[in-house]
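Taking the UniProt record's numbering, the leading residue of the sequence shown gets 1, the next gets one more, and so forth. Glycine is no exception: its CB is placed at the ideal position from the N, C-alpha and C atoms.
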Amino acid sequence: MSERQLAVALKYIKEEDYAPRVIAKGRGYTAEQIMKLAKEHNIPMHKDMDLVEVLMKLDLGEFIPPELYKVIAEILAYIYKMNKIA
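This is the structure we're talking about:
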């Protein structure tokens with residue numbers, strides 16, 4: 001395990017949320033468990049340490065700030081596109 005192992009899980013429900021929100025975050029063992037659960041449930045993951053470090057500063061349940069809308073939208077678009085191809 002890397003000393004810098006970090007993970008943040010986001011949730012977005014189009015009909016309920018105006019932006020994605022942080023639903024889990026952690027480092028070390030907790031990060032490993034977040035990623036393990038994502039894999040077990042076929043939840044797409046994206047690795048971006050700079051983004052994760054910014055998201056780690058948010059509180060659980062907090063919506064992502066408007067400054068991150070574009071980057072998160074690009075990631076979501078990529079994931080949706082990959083799901084259609086698979």
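In the three-state reduction of the DSSP assignment, alanine 9 falls in the strand class, which pools E and B. Nearest to tyrosine 29 by C-alpha distance, out of Asp59, Glu15 and Val8, is Val8. For isoleucine 23, no alpha helix (DSSP H) encloses it; the enclosing beta strand (DSSP E) starts and ends at 21 to 27. With distances taken between CA atoms, arginine 21 lies nearest to Pro65 out of Tyr78, Ala31 and Pro65. Spanning the alpha carbons of aspartate 17 and arginine 4 requires a straight line of approximately 30 Å. Exposed is the label assigned to lysine 70, since fewer than 16 other Cβ atoms lie within 10 Å of its Cβ.
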